[in-house]
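Q: Submitted below is the structure of interest, expressed as structure tokens.
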Amino acid sequence: MASENDLIHIVYNGEIYNYGIERTLLESKGYNFKTKSDTEVVLKLYEEHGEGFLKRLRGIFALAIYDKRGGPGKEKLLLARDQFGIKPLLYSEINGTFIFASELKAILASGLVPRQVDSESLQQLLSLGSVYQPRTLVQGVYALPPAHYMVVDKSGSNLRRYWSYGLDRVAGLRQLPYLDQVEQFRLALTRSVKLQMVADVPVGAFLSGGVDSSLIVALMARETGGHVKTYSVGFEEGANATDESLEAEAMARHLETDHTRVVVTARDIEAHLEKFVFGLDQPSVDGLNSYFVSYAASQGVTVSLSGTGGDELFLGYPWFANIQNSFDGVYPKRGISFAHRLTTHLTSIIRGPNQHSVDTTGSVAFCEAFGRQYHCFGPRAANDILSASRRSTLSVHAFADDLLPCDELAAAELMDRASVFCLNGYTRNQLLRDIDACSMAHSLEVRVPFLDVELMDFALSLPVTSKLQMNIRTLAADASYAESGVKRIVCDASKKYLPQDFFTARAKKGFALPHADWMKGPLADVMAETLSWETVANAGLFDPSSVARIRKDFMDGYRPWSHPWLLMITELWRRQVLLN
1 MASENDLIHI VYNGEIYNYG IERTLLESKG YNFKTKSDTE VVLKLYEEHG
51 EGFLKRLRGI FALAIYDKRG GPGKEKLLLA RDQFGIKPLL YSEINGTFIF
101 ASELKAILAS GLVPRQVDSE SLQQLLSLGS VYQPRTLVQG VYALPPAHYM
151 VVDKSGSNLR RYWSYGLDRV AGLRQLPYLD QVEQFRLALT RSVKLQMVAD
201 VPVGAFLSGG VDSSLIVALM ARETGGHVKT YSVGFEEGAN ATDESLEAEA
251 MARHLETDHT RVVVTARDIE AHLEKFVFGL DQPSVDGLNS YFVSYAASQG
301 VTVSLSGTGG DELFLGYPWF ANIQNSFDGV YPKRGISFAH RLTTHLTSII
351 RGPNQHSVDT TGSVAFCEAF GRQYHCFGPR AANDILSASR RSTLSVHAFA
401 DDLLPCDELA AAELMDRASV FCLNGYTRNQ LLRDIDACSM AHSLEVRVPF
451 LDVELMDFAL SLPVTSKLQM NIRTLAADAS YAESGVKRIV CDASKKYLPQ
501 DFFTARAKKG FALPHADWMK GPLADVMAET LSWETVANAG LFDPSSVARI
551 RKDFMDGYRP WSHPWLLMIT ELWRRQVLLN
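According to full-length UniProt numbering, the residues represented by the sequence shown are 1 to 580, in order.
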């Protein structure tokens, strides 16, 4: 879209939820609109506020604005991305040319970027299960960091930040009685859901059967006064699977939604594997569930709301209880005075290549502890799997070498720190990236009401005890919400809408596809061919003997499915995306 004088052009992907409010403000200043789209609002916000317009946006977006108002030789390009990195934006600078796009496939299609795998990114992918931004798996291509914008002109490029996490931005919330906090949370989430339901196309929701998605659907039903279209994924029985779709069906009946349960079969996996890898755009150890639930939802709606982000903001993952246990007794309630005790406490497990001799906030110890909660191969094993030529150019990493940038609130209380750390790490680089790529492969837009700036500020203004029962020290696999103490405020806000026995009788199971059964069954031939000695040697990414050992260990029952799966997906990606 271009401005009326044709001097400003915008390319835009996403949705600005507060565009109606901003449009009204612009109209009061004399701006006229030719369309009803949020794109025109964003364009005129830039005209009015310059680079400061980004602070006014509440939504999901990746955008590029080309501004020619300065005259010949003074043109500038502005690239920007939403606060949490929900929408992707990639770029490369090569031989004096600046290239940007939403996908690696588009960057590669330019023909300007060499189709080469970055060795450090590959090592990171193996270690953590995904590539951590701003890296990508293609050498010389980078992701614009979330909450940042870049200005490019003839003098070069300049990266700047427009938003960051912060504590206690909701004044007085921490001191309120708990029941008042619950009511304030319900109102804040309701506002977010209401804003994100605004669309001129059909809107539905993913319903996993957990408390986050169930609460969102309940609020959607209240808003519409009718049947919400909901979707869940189930699958054929598998020894290594956890299927919550039957619980989702029961919740759908309670909430009276128009529910679709899609059962993924072995035949579906075979039929969709190549399209899944192509849509993923960059290898990841995850994403298959997002792919199939998006496929199901795209048959009936164009936009779907998801409960993603509730675990991160309100401490739902088992990792948080484990982190709490790991640091119990060495981490005070607030502040960073724990640094020397903490570093000493965990120093035996920290031996990174850079030695990290100065650690004023205990970040190295924290990163190592968190990295052990969620990873794929881990840093040392990842290095061993690389081909000899690639391994020779790299040092052996510790978790902290990759995770230190995630530790953004190092001075915060332990659980607030862990929450932001998780958002900057696993959530941004694996969960959100996979959801967006897999949903857009089916032309479905996924919106995440929990990952809203107002909700984020709210969560970081609560005492930790409002989010996690602090007397909980373990999280048994069969623990109910009440027994585990996770997401306390979300559960209490949900009791107004959900069955009472939902919180006490039902175990919080999570979700796991039967990858192992598929890899030993319908995908056995694919795994055998992609991980064969000849294939691995010719590709030059991995060490053939290490891959052969990993495959054998998996077939013998000594390794998790994630190890051979990630190697297989990476080889398929090399063929489908890198070389295609």
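Every residue, glycine too, gets a C-beta built ideally from N, C-alpha and C.
Quick caveat, the model's predicted, so the values are computed rather than measured.
Taking a contact to mean a Cβ-Cβ separation below 9 Å, would you say leucine 79 touches valine 138 in this structure?
A: Against a cut-off of 9 Å, the Cβ pair of valine 138 and leucine 79 comes out as no contact.
Q: With distances taken between CB atoms, is the gap from glutamine 116 to glycine 140 smaller than 9 Å?
A: Cβ distance < 9 Å, so glutamine 116 and glycine 140 count as in contact.
Q: So, is phenylalanine 421 buried or exposed, given that buried needs 16 or more other C-beta atoms within 10 angstroms?
A: Phenylalanine 421 comes out buried.
Q: Can a CB atom of chain D be found closer than 9 Å to the CB of serine 208?
A: In the displayed structure, chain D is absent; only one protein chain is listed.
Q: Using CA atoms only, rank isn't needed, just tell me which of Ala199, Pro522, Lys552 and Asp118 is closest to tyrosine 19.
A: Of the listed residues, the one whose Cα sits closest to tyrosine 19 is Ala199.
Q: What does DSSP give as the partner residue(s) for phenylalanine 98 in the beta ladder?
A: Bridge partners of phenylalanine 98: Glu93.
Q: Can you have a look at threonine 35 and say buried or exposed, based on whether 16 or more other CB atoms are within 10 angstroms of its CB?
A: Under this definition threonine 35 is an exposed residue.
Q: How far does the beta strand (DSSP E) with isoleucine 86 in it extend, from its first residue to its last?
A: Note, isoleucine 86: premise wrong, no beta strand (DSSP E); not H, not E.
Q: Look at the alpha carbon of arginine 261 and the alpha carbon of serine 214, and state the distance between them as a whole number of angstroms.
A: Those two C-alpha atoms are separated by around 15 Å.
Q: Rounded to a whole number of angstroms, what is the C-alpha to C-alpha distance between valine 263 and valine 285?
A: Computed Cα separation, rounded: 21 Å.
Q: Checking the sheet assignment: what are the DSSP bridge partners for alanine 2?
A: Alanine 2 is bridged to His9.
Q: Within this structure, are the beta carbons of alanine 297 and tyrosine 374 separated by less than 9 Å?
A: Taking 9 Å as the Cβ cut-off, alanine 297 and tyrosine 374 do not qualify as a contacting pair.
Q: When you measure from the CB of glycine 378 to every non-hydrogen atom of the ligand ADP, does any distance come out below 8 Å?
A: Among the components modelled here there is no ligand, and therefore nothing to report on the ligand ADP.
Q: Buried or exposed for proline 72, please, with buried defined as at least 16 other CB atoms from any protein chain shown within 10 angstroms of its CB.
A: Label assigned to proline 72: exposed.
Q: Which residue marks the beginning of the alpha helix (DSSP H) containing asparagine 325, and which one marks its end?
A: 318-326 is the extent of the alpha helix (DSSP H) around asparagine 325.
Q: Would you mind stating whether glycine 52 and isoleucine 16 have Cβ atoms separated by less than 9 Å?
A: Contact flag unset, no.
Q: Could you name the residues that DSSP lists as bridge partners for tyrosine 374?
A: For tyrosine 374, which the question treats as bridged, DSSP gives no partner whatsoever.
Q: Ordered along the chain, which non-local residues of its own chain (more than five positions away) have a Cβ less than 7 Å from that of alanine 252?
A: Leu207, Thr230 and His259, listed in sequence order.
Q: For arginine 398 and glycine 371, what's the separation of their Cα atoms in angstroms?
A: The question names arginine, yet the displayed sequence has alanine at residue 398. If you take the alpha carbons of alanine 398 and glycine 371, they lie about 9 Å apart.
Q: Are the CB atoms of aspartate 492 and valine 182 within a distance shorter than 9 Å?
A: In contact: valine 182 and aspartate 492 (Cβ atoms closer than 9 Å).
Q: In terms of residue numbering, what span does the beta strand (DSSP E) encompassing glutamate 445 cover?
A: Taken as a continuous stretch (DSSP letters only), the beta strand (DSSP E) holding glutamate 445 covers 445-447.
Q: Among the residues of its own chain, which have a CB less than 7 Å from the CB of leucine 219, if the five just before and after it don't count?
A: Leu189, Thr190 and Val193.
Q: Under 9 Å, do glutamate 274 and leucine 572 count as touching if we go by C-beta distance?
A: Going by C-beta atoms, glutamate 274 is nearer than 9 Å to leucine 572.
Q: Between which residues of its own chain and leucine 128 is the CB-CB distance below 7 Å, once the five residues before and five after are set aside?
A: These residues qualify, in order along the chain: His375, Cys376 and Asp402.
Q: Quick check on DSSP: helix, strand or coil for phenylalanine 206?
A: Strand at phenylalanine 206.
Q: With a threshold of 16 other CB atoms inside 10 Å of the CB of asparagine 424, please say whether the residue is buried or exposed.
A: Asparagine 424 comes out buried.
Q: Whose C-beta lies closer than 6 Å to the C-beta of glycine 309 among residues of the same chain, with five residues either side of it excluded?
A: These residues qualify, in order along the chain: Val448, Phe450 and Leu451.
Q: Excluding five sequence neighbours on each side, which residues of the same chain lie with their C-beta closer than 6 Å to the C-beta of glutamate 270?
A: Cβ neighbours of glutamate 270 beyond the five flanking positions: Pro522.
Q: Does the Cβ of aspartate 118 have 16 or more other Cβ atoms within 10 Å, making it buried, or fewer, making it exposed?
A: Classification for aspartate 118: buried.
Q: If you compare alpha carbons, which of Leu122, Glu75, Lys44 and Asp67 is closest to alanine 381?
A: Among Leu122, Glu75, Lys44 and Asp67, the Cα nearest to that of alanine 381 belongs to Leu122.
Q: Among residues of its own chain, excluding the 5 on either side of histidine 148, which ones have a beta-carbon nearer than 8 Å to its beta-carbon?
A: Answer for histidine 148: Ala80, Arg81, Leu159, Arg160, Arg161 and Tyr162, listed in chain order.
Q: Would you be able to state if there are at least three C-beta pairs under 8 Å between the stretch 437-447 and the stretch 315-326?
A: No: the two stretches stay apart, fewer than three of their Cβ pairs being nearer than 8 Å.
Q: What do you get for leucine 431, buried or exposed, if any count of 16 or more other CB atoms within 10 angstroms of its CB means buried?
A: Leucine 431 comes out buried.
Q: Three-state secondary structure (DSSP) at valine 277?
A: Here valine 277 sits in helix by DSSP.
Q: In three-state terms, what does DSSP make of methionine 197?
A: Coil, per DSSP.
Q: Excluding the 5 residues flanking leucine 126 on each side, which residues of the same chain have their C-beta closer than 6 Å to its C-beta?
A: Here the set comprises Phe377, Ala382 and Ile385.
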